[in-house]
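The block underneath contains the structure these notes are about, expressed in C-alpha cells.
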Amino acid sequence: MAFGKGSDLISISDLEKKEIEAVFARAKKFEDAVKAGKVKRTLEGRVVASLFFEASTRTRLSSASAANHLGARVIGFSGIEGTSVQKGETLSDTIEMVDKYIDAIFIRHPLDGAARLAAEVAKHPVINCGDGSNQHPTQTLLDLYTMRKEFGRIDGLEIALVGDLKYGRTVHSLALALNHYKVRLKFVSHPSLKMPDYIRKEVSNPVAETERLDIGKCDVVYVTRIQKERFSDLMEYERVKGIYKITPGVLEGAKKGSIVMHPLPRVDEISRTVDATPNARYFQQAGNGLFIRMAVLDAVMNG
Amino acid sequence: MAFGKGSDLISISDLEKKEIEAVFARAKKFEDAVKAGKVKRTLEGRVVASLFFEASTRTRLSSASAANHLGARVIGFSGIEGTSVQKGETLSDTIEMVDKYIDAIFIRHPLDGAARLAAEVAKHPVINCGDGSNQHPTQTLLDLYTMRKEFGRIDGLEIALVGDLKYGRTVHSLALALNHYKVRLKFVSHPSLKMPDYIRKEVSNPVAETERLDIGKCDVVYVTRIQKERFSDLMEYERVKGIYKITPGVLEGAKKGSIVMHPLPRVDEISRTVDATPNARYFQQAGNGLFIRMAVLDAVMNG
Amino acid sequence: MAFGKGSDLISISDLEKKEIEAVFARAKKFEDAVKAGKVKRTLEGRVVASLFFEASTRTRLSSASAANHLGARVIGFSGIEGTSVQKGETLSDTIEMVDKYIDAIFIRHPLDGAARLAAEVAKHPVINCGDGSNQHPTQTLLDLYTMRKEFGRIDGLEIALVGDLKYGRTVHSLALALNHYKVRLKFVSHPSLKMPDYIRKEVSNPVAETERLDIGKCDVVYVTRIQKERFSDLMEYERVKGIYKITPGVLEGAKKGSIVMHPLPRVDEISRTVDATPNARYFQQAGNGLFIRMAVLDAVMNG
C-alpha cells in the first residue's frame, strides 16, 4: 500500500522516492504555515500517544509540538519509570491497550525491531522515533529535507559523513536513503569506526573512504558524535576525537556555501565557535524536525 | 446528594444502581461518538489535574485520553519524583493548592483513604483512580460495563473470580458492586488467597467457593494476577500459579459464549495463545475504560 | 524596551513599577474571567515549552494551567531524567533547539543565571520560574499581588519577613521589589539566618531587625521555611524552628485584619490549626500564581 492514511512509518526504506518527495512538499507547506502563524488544525479532536520507552528530548518534544500544532492532543510517557512495563507487561500488551485510547502512536524503544512489533499490534498508525540501533526514519527525512532546502536539490551534492560510522544509526539510514538520489559520498572515520560492510555494500552512490578530515569539495559535512564507550583505550579516544573536531579553522578549507550538519546533541565534535559561521546548519536541521513530523503525522492520519 | 455535577467518585459504593446504569448509558453514548469520530467537546476550556502519586499506565493514559477527547486539558504528574511531596508537603496541602489551578482531579495514591481525604479538601470533583488496597471505582464500572455490553445484561450471569481473591482490590469491589444485580458467583482460589470474610459476608449473591479451576458453567471468567510477593515458599507460588493459568486447553471446557476478563497488566495468568480465542475480552475491557472515564468525568463536571 | 510582546521576564528588577502595576491589572482581569468561567483563549494555536530542570509542583502546575487556560498547548519535561542534558548537551544547545519548536519558554534551573542565558539564546520569550538562589520573578509578583488584593494597596503596610532570611530567594526578591512602594519592613530571624548585607543595603524602606517573633503591628506576616541543612547543630535547629512557628496562640497577638503568607510548601513553620483562622492567606496566595502567570504569559506573547 502506498504511504498515506493508516500507514505506519517504521523504516526509511518503507518509502519510495516519490513518497519521500511528497513528505517534503507537505513539510514545506507546514513550514510556511508555522512561520506565518497560520497552521490549519487538521488533527483537532484526535489524541496521539507519545510512548518513549527511552530518553529523548529533541525527538519527543518536536513530535509533541508537531501534534499540538496540528491540533491533536498528546498523552504518554517518557521513560518506563511508573509504567506497567515495570510490572512485567510485554510491549505487545502495552501497545494493544494504548491503541484503544488513541488515534496514532509515536514510539521510541531501546530494542531493535520494537517499532515494527508495535505496528503489527496496533490498528492505528505507528511512527518509529528510534528503535535501538535499528531505524529512526523521521531523522533521516529531516536530514534529507535540510539538504534539499539548503541547496534546492539533493542530486549532484557531495556529502561527507564524519565521525562514528560504525555504530551511528543516523548515518546508516542516511547513506541508504541517499540511494534515491545521485550524490557522491565520502566516509570519514577512524579505521575502528568505519562504515560496516553490510551497509557499505547496499550503497549505490560512489563512495570515497578516508581517515583524514578532507572536506574541501563537500557540500554537506554531516558530523556525528564519537562515543567514549566505544574505545577501550581512552588516549586513543581523545586522539580520534581531536582529529574529527570541526572548528572555524577546519572550515577555512571548506567549499564555499557548504553546510555542517549534526543530528544533535553534540558534545564537542563541533566547536561552539562554529555556531556563528555561515556553515552551521545543525540547529536549523533540528528545527526542520518539527515540519517533517507534522508532515508525517498528517499523512498517516489524514492521508 | 445524587451523583452528578460537583460529585466526587471515591468508592463504587457511593453510587446507587440507577446511578451506575446512568453512567453506562452515558458511556455508551461516548463509545458511539468516539467510534464515529464525533465527540462533543463538553469540557472545552476546562483543566483537569492528573495526580498519580504512584505508577499506572492504563488508568493514567485512559483518564488523560478521556479528558482530552472531551476537550479538557490535562496537567499533573506521574510519580512523586520532582514534586513537593519530596520536600515534605502533606497530601492535604498539595491538594488544597492544586485545587486552585484546575476544574477536576484524577488521583491515584499508594495509601488507603487518600482519595477520600483529597475529596474533603478539594472544592472541585475528585475521581479516585486507585488508593492503596482500598478502592478503584472506575475499574469496577468498566468491569460491569464490559459484562453488560457483552451479554446485554448482568442479571442472570454466572461469574467466576479467579486467582488472588485475598489481596485483589479489583475483585473485592467487583464482588460488592455485583450486589446490585442477581448473579451467581464462583470464587476460585488457593486456600491461602481466599476472599476475606469481611468481603464475603457483604456479598448478597449466591457464592460457590472452590480451589479447582472449574469454570464450565461460567459466563464470565475474571482472572487476576497472583503476586509472587504473597508467598514465602516460591515452589508453592509456582504450583499455585500453574493451576490457575488460563490456556486454550482450559477454555475447551468453557461455556459457549463465555468471556475471559482481566484488569491487566497480566504477566502469565493468561496464556498469550488465548488472545486469539473468541473468549478473550481483556483488551476490549481495558478499552472500555476510556468510555467509562469520559462518562464519569462528564457527569461530575457537567451534570 | 518596555515589558510586553517579545519580552523576557528573568528578574523582578526587569520591571518598572508601572509595568508591575500593569501585570496586576491584567492578572485581575484574568482572575475575574477564570472565576466566571469565561477566559478568552488569546493563545490558541501556540505551543509553550515548560523546561523544568529541577523539581517543582506549584510553579510547574500553575504555569501549565495558565498556558492551558489561555488556549496554548504545553510540551516539556520536569527533571532532567531522560533528557539530552544527561548525554552532555549544554543548556545553550538545549534552548537553541527547543526554541525552534515553541512560541514561549517557562524555565526552572538549579543554577544561578541559567534563565538569563536561556533568554539570550532563545528568540522567543523566556519566563524565569526560578534559577538557583537567584530569581523567581513570578513568585514575587504573586506575593505583591496578594498583598494588594487583600489590602487594596501596598503603600503604608507593615510587613514582617520571618524565618530564613539568609538563603531565601523569595524574601530577597520581595524585599527589593517592595522598594517600589512605601512600606515598613521587619526582618525577623535568628542571627545565623539574617538578611544578607548585600540585600539589606539595597532596601530603600525603613527596616527593623529583630530576633523575637514580634508581629503585633504587622499587616503581613510572610513566613519562610527554615531548612535543617542550614544548621550543623540539630538541637539549635529544633530550638530556632520552634521560636518562629506560627500558631493560633501567636496570632492572638497579631493585628486585626493581618494576614499570614508563605511561598509553600510549608513543613511545620505554620501550624495546621492556623489554616482555619481568618489570617491564613497562603493557599489563596498560591492560587494567585495562576492569574499572575496568565498575565505574564499573555503580556510577553500578545503584548
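Residue numbers (my numbering), protein chains in the order written: chain U, 55 to 357; chain R, 55 to 357; chain G, 55 to 357. Ideal Cβ positions, reconstructed from N, Cα and C, are used throughout, including at glycine.
Reduced DSSP secondary structure (H/G/I, E/B, other) of Thr-194/U
In the first sequence, the residue the question calls residue 194/U occupies position 140. Thr-194/U: helix per DSSP, three-state reduction.
- prompt: Hey, is the region 308-316 of chain U in contact with the region 252-261 of chain U, meaning 3+ C-beta pairs nearer than 8 angstroms?
  reply: With a cut-off of 8 angstroms, the region 252-261 of chain U and the region 308-316 of chain U do not count as touching, because too few Cβ pairs lie within range.
Discussion item. I'd like to know whether the C-beta of Ser-104/G is nearer than 7 angstroms to at least one C-beta of chain R.
Written reply: To locate residue 104/G, count along the third sequence from 1; it is residue 50. It does not; no Cβ of chain R falls within 7 angstroms.
* To do: Would you identify the three-state DSSP class for Phe-345/U, choosing helix, strand or coil?
  => Here residue 345/U refers to the residue found at position 291 when the first sequence is read from its first residue. Note: Phe-345/U maps to helix in three-state DSSP.
Exercise for review: Give the interface partners of Ser-138/G over in chain U, defined as CB-CB distance under 9 angstroms, in chain order.
Suggested key: Walking along the third sequence from the start, residue 138/G turns up at place 84. In chain order: Ala-109, Ser-110, Thr-111, Arg-112, Leu-318, Pro-319.
Where Leu-239/R falls: helix, strand or coil (DSSP): The residue you call residue 239/R lines up with position 185 of the second sequence. Strand.
Checklist line | Alpha carbon of Thr-331/R to alpha carbon of Pro-302/R, nearest angstrom | finding: Counting from one through the second sequence, the residue named residue 331/R turns up at place 277. Counting from one through the second sequence, the residue named residue 302/R turns up at place 248. A direct Cα-to-Cα measurement between Thr-331/R and Pro-302/R gives close to 7 angstroms.
#### Entry: Proximity winner among Val-128/U, Ala-158/U, Leu-165/U, relative to Leu-145/U (alpha-carbon distances)
On the first sequence, residue 145/U is found 91 positions in, with the first residue counted as 1. Nearest option by C-alpha distance: Leu-165/U.
Check: If we count the other Cβ atoms within 10 Å of its Cβ and call it buried at 16 or more, is Glu-212/G buried or exposed?
Finding: The sequence position of residue 212/G within the third sequence is 158, counting from 1. Glu-212/G comes out buried.
As assigned by DSSP and simplified to three states, the class of Ile-159/G = If you number the third sequence from 1, residue 159/G lands on position 105. Strand.
Shortest alpha-carbon distance to Leu-124/R belongs to which of Asn-182/R, Arg-80/R, Asp-153/R, Phe-106/R? The residue you call residue 124/R lines up with position 70 of the second sequence. For the residues Asn-182/R, Arg-80/R, Asp-153/R, Phe-106/R, the minimum Cα distance to Leu-124/R belongs to Arg-80/R.
Q) Is the region 199-213 of chain R in contact with the region 114-131 of chain R, if contact means three or more CB pairs nearer than 8 angstroms? A) Not touching, per the Cβ criterion.
Note to self: Can you give me the C-alpha to C-alpha distance between Glu-85/U and Leu-318/U, rounded to a whole angstrom?
What the structure shows: Within the first sequence, numbered from 1, the residue matching residue 85/U stands at position 31. Within the first sequence, numbered from 1, the residue matching residue 318/U stands at position 264. In this structure, the CA atom of Glu-85/U is about 21 angstroms from the CA atom of Leu-318/U.
(message) According to DSSP, is Tyr-298/U part of a helix, a strand, or is it coil?
(response) Residue 298/U sits at position 244 when you count from the first residue of the first sequence. In this structure, DSSP gives Tyr-298/U a state outside helix and strand, which the three-state scheme calls coil.
Open item on the list: Tell me the rounded alpha-carbon separation between Gly-296/R and Asp-62/U.
Closed with: Position 242 of the second sequence holds residue 296/R. Position 8 of the first sequence holds residue 62/U. Spanning the two alpha carbons is a distance of roughly 38 angstroms.
*Where Cys-272/G and Thr-264/G are concerned, what is the direct C-alpha to C-alpha distance, given to the nearest angstrom?*
Within the third sequence, residue 272/G is the residue found at index 218, counting from 1. Within the third sequence, residue 264/G is the residue found at index 210, counting from 1. Between Cys-272/G and Thr-264/G, the C-alpha separation is close to 13 angstroms.
Exercise. Who pairs with Val-350/U in a beta bridge, going by DSSP?
Worked result: Reading the first sequence from its first residue, position 296 is the one you call residue 350/U. Looking at the DSSP output, Val-350/U sits in no beta bridge, so it has no partner there.
**Asked** Is the distance from the Cβ of Ile-218/U to the Cβ of Ile-300/U below 7 angstroms?
**Response** The sequence position of residue 218/U within the first sequence is 164, counting from 1. The sequence position of residue 300/U within the first sequence is 246, counting from 1. Note that residue 218/U is Asp in the sequence shown, not Ile. No, the pair does not count as a contact, with Cβ atoms beyond the cut-off.
* Go ahead and pull the three-state DSSP assignment for Ile-66/G. => Counting from 1 along the third sequence, the entry for residue 66/G is found at position 12. In the structure shown, Ile-66/G sits in a helix (DSSP, three-state: H, G or I).
ask   = For Arg-223/R, does the count of other Cβ atoms within 10 angstroms reach 16, so buried, or fall short, so exposed?
value = As a position in the second sequence, residue 223/R is number 169, starting the count at 1. Flag for Arg-223/R reads buried.
Q) Can you find a CB in chain G that lies within less than 7 angstroms of the CB of Met-151/R? A) Here residue 151/R corresponds to residue number 97 of the second sequence, with the count starting at 1. True, the Cβ-Cβ gap to chain G drops below 7 angstroms.
Please state the DSSP three-state secondary structure of Ser-246/G. If you number the third sequence from 1, residue 246/G lands on position 192. Ser-246/G falls in the helix class under three-state DSSP.
TODO: Following the continuous alpha helix (DSSP H) through Leu-145/U, name the residue where it begins and the one where it ends.
DONE: For the purposes of this step, residue 145/U is taken as residue 91 along the first sequence, with counting starting at 1. Its alpha helix (DSSP H) spans residues 145-152.
(request) List the residues of chain G that Gly-142/R touches, going by C-beta distances under 8 angstroms, in chain order. (result) Working through the second sequence from its first residue, we reach residue 142/R at position 88. Close to Gly-142/R, with beta-carbon spacing below 8 angstroms, are these residues of chain G in chain order: Pro-319, Val-321.
Do Thr-194/G and Ser-227/G have their C-beta atoms within less than 7 angstroms of each other? Residue 194/G sits at position 140 when you count from the first residue of the third sequence. Residue 227/G sits at position 173 when you count from the first residue of the third sequence. Yes, these two residues count as a Cβ contact at 7 angstroms.
With a CB to CB cut of under 8 angstroms and the five nearest residues on each side skipped, what residues in its chain are close to Ser-187/R? Residue mapping note: residue 187/R aligns to position 133 of the second sequence, counting from 1. Cβ neighbours of Ser-187/R beyond the five flanking positions: Asp-166, Tyr-221, Arg-223.
With distances taken Cα to Cα, identify the nearest neighbour of Phe-131/R among Arg-293/G, Ala-118/G, Thr-137/G.
As a position in the second sequence, residue 131/R is number 77, starting the count at 1. Selected option, being the one with the closest Cα: Ala-118/G.
Please compile the residues from chain G whose C-beta is within a distance smaller than 7 angstroms of the C-beta of His-123/U.
Position 69 of the first sequence, counting from 1, holds the residue named residue 123/U. In chain order: Val-101.
- Item | Lys-92/R, buried or exposed, once every other Cβ within 10 Å from all chains shown has been counted against 16 | Counted from its first residue, the second sequence places residue 92/R at position 38. It counts as exposed.
query = What residues in its chain sit with their C-beta under 6 angstroms from that of Phe-106/G, if we drop five residues either side in the sequence?
reply = Within the third sequence, residue 106/G is the residue found at index 52, counting from 1. Residues of the same chain with a CB within less than 6 angstroms of the CB of Phe-106/G, apart from the 5 flanking positions on each side, are Arg-114, Ser-132, Arg-162 in chain order.
- What span of residues does the beta strand (DSSP E) with Arg-127/U cover, start to end? Numbered from 1 along the first sequence, position 73 holds the residue referred to as residue 127/U. Residues 127-132.
Checklist line | Between the CA atoms of Lys-282/U and Val-274/R - distance to the nearest angstrom | finding: Counting from 1 along the second sequence, the entry for residue 274/R is found at position 220. Counting from 1 along the first sequence, the entry for residue 282/U is found at position 228. If I take the Cα positions, the gap works out to 56 angstroms.
Please list, in chain order, all residues of the same chain as Gly-58/G whose beta carbon is under 7 angstroms from its beta carbon, the five residues on each side excluded.
Taking the third sequence and counting its residues from 1, one reaches residue 58/G at position 4. Short of 7 angstroms from the beta carbon of Gly-58/G, and not among the five residues preceding or following it, lie these beta carbons of its own chain, in chain order: Ala-353, Gly-357.
| said: Would Glu-150/U and Val-180/U be called neighbours here (beta carbons separated by less than 7 angstroms)? | reply: For this step, residue 150/U is matched to residue 96 along the first sequence. For this step, residue 180/U is matched to residue 126 along the first sequence. Against a cut-off of 7 angstroms, the Cβ pair of Val-180/U and Glu-150/U comes out as no contact.
For Ile-74/G and Leu-196/G, the rounded distance between their alpha carbons: As a position in the third sequence, residue 196/G is number 142, starting the count at 1. As a position in the third sequence, residue 74/G is number 20, starting the count at 1. If I take the Cα positions, the gap works out to 11 angstroms.
- Item | Where the beta strand (DSSP E) through Val-314/U begins and ends | Residue 314/U sits at position 260 when you count from the first residue of the first sequence. Taken as a continuous stretch (DSSP letters only), the beta strand (DSSP E) holding Val-314/U covers 313-315.
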